[in-house]
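Asker:
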Amino acid sequence: MQLRYWKRTFVSGLAVAAIAAATLAGTSAAATAAPSGVPQAIAAEIAPQAVENLGLTVRQAKGVQRRYKETGYDPGTIDGYLGTNSWKAIQRGHRAQGRYSGPIDGIVGPETIKAQQRSLKQFWGYTGAIDGIAGPGTRAAFARFADWCVALYGY
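Per my numbering, the sequence shown starts with residue 378, numbered consecutively.
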């Protein structure tokens, strides 16, 4: 009888120890996971954004993508999200018109915005400076262009 009692006590003790070890392991894993978020946050600031619609709705962005596709600059999937391929198409279009001389990289940087502003100034009522900053005036003129694209292609 004594042996059975000690076996049960020993097995119960092992179970408690295993649960405690698992709990502590989970806590230490969570504690070590926290610092790994810091490099990710820094990397997110450095990496270009995957999508930059400059204030356009999905519907408007689809219209813009369709316009570039119809004029021979493939934006990839027409999904309403101006990602790297869409911006490469926009950069190619601006380069063909002599508005852009930077790399075709799909990054919406100051030179890409300046090219966009030149086009918007010529055709879509942009009255601001060609400064490479996508401020309210740039976004409003881009939205006018996008609305025209939506009306043209029926999005």
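Don't be surprised by glycine CBs; every beta carbon is placed ideally from N, CA and C.
#1: By DSSP, does Gly470 sit in helix, in strand, or in coil?
#2: On the DSSP letters alone, give me the boundaries of the alpha helix (DSSP H) that Arg436 sits inside.
#3: Taking just the CA atoms, how far does Gly531 sit from Glu334?
#4: My understanding is that Gly502 touches Arg521, with C-beta atoms under 8 angstroms, so please give their C-beta distance in whole angstroms.
#5: In terms of alpha-carbon separation, which member of Asp482, Gly479, Ile484 and Thr515 lies closest to Ser496?
#6: Could you tell me which residues DSSP pairs with Val527 in its beta bridges?
#7: Where Lys446 and Ile490 are concerned, what is the direct C-alpha to C-alpha distance, given to the nearest angstrom?
#8: Are Tyr458 and Val428 close, meaning C-beta to C-beta below 8 angstroms?
#9: What span of residues does the alpha helix (DSSP H) with Ala492 cover, start to end?
#10: Using the three-state DSSP reduction, which class does Gly512 fall into: helix, strand or coil?
#11: Just to confirm, are Pro480 and Ser463 a CB contact at a threshold of 8 angstroms?
Answerer: Per the coordinate set shown:
#1: Translated into positions along the sequence shown, residue 470 becomes position 93. Looking at Gly470 - three-state DSSP - the assignment turns out to be helix.
#2: Numbered from its first residue, the sequence shown carries residue 436 at position 59. Segment Val435 to Glu447, the alpha helix (DSSP H) holding Arg436.
#3: Absent from the model: residue 334. The displayed extent of the chain is 378 to 532, so no value can be given.
#4: Numbered from 1 along the sequence shown, position 125 holds the residue referred to as residue 502. Numbered from 1 along the sequence shown, position 144 holds the residue referred to as residue 521. Right, the Cβ-Cβ distance comes to about 6 angstroms (below 8 angstroms), so this counts as a contact.
#5: Reading the sequence shown from its first residue, position 119 is the one you call residue 496. Among Asp482, Gly479, Ile484 and Thr515, the Cα nearest to that of Ser496 is on Thr515.
#6: Against the sequence shown, residue 527 aligns to sequence position 150. DSSP, once it has assigned bridges, lists no residue as partnering Val527.
#7: By one-based count along the sequence shown, residue 446 stands at place 69. By one-based count along the sequence shown, residue 490 stands at place 113. Computed Cα separation, rounded: 20 angstroms.
#8: Taking the sequence shown and counting its residues from 1, the one referred to as residue 458 is at position 81. Taking the sequence shown and counting its residues from 1, the one referred to as residue 428 is at position 51. Closer than 8 angstroms, so yes.
#9: Start at 1 with the first residue of the sequence shown, and residue 492 comes out as number 115. Pro487 to Phe500 is the extent of the alpha helix (DSSP H) around Ala492.
#10: Counting from one through the sequence shown, the residue named residue 512 turns up at place 135. Residue state, collapsed to three classes: coil.
#11: Within the sequence shown, numbered from 1, the residue matching residue 480 stands at position 103. Within the sequence shown, numbered from 1, the residue matching residue 463 stands at position 86. Result no, Cβ atoms of Pro480 and Ser463 do not sit closer than 8 angstroms.
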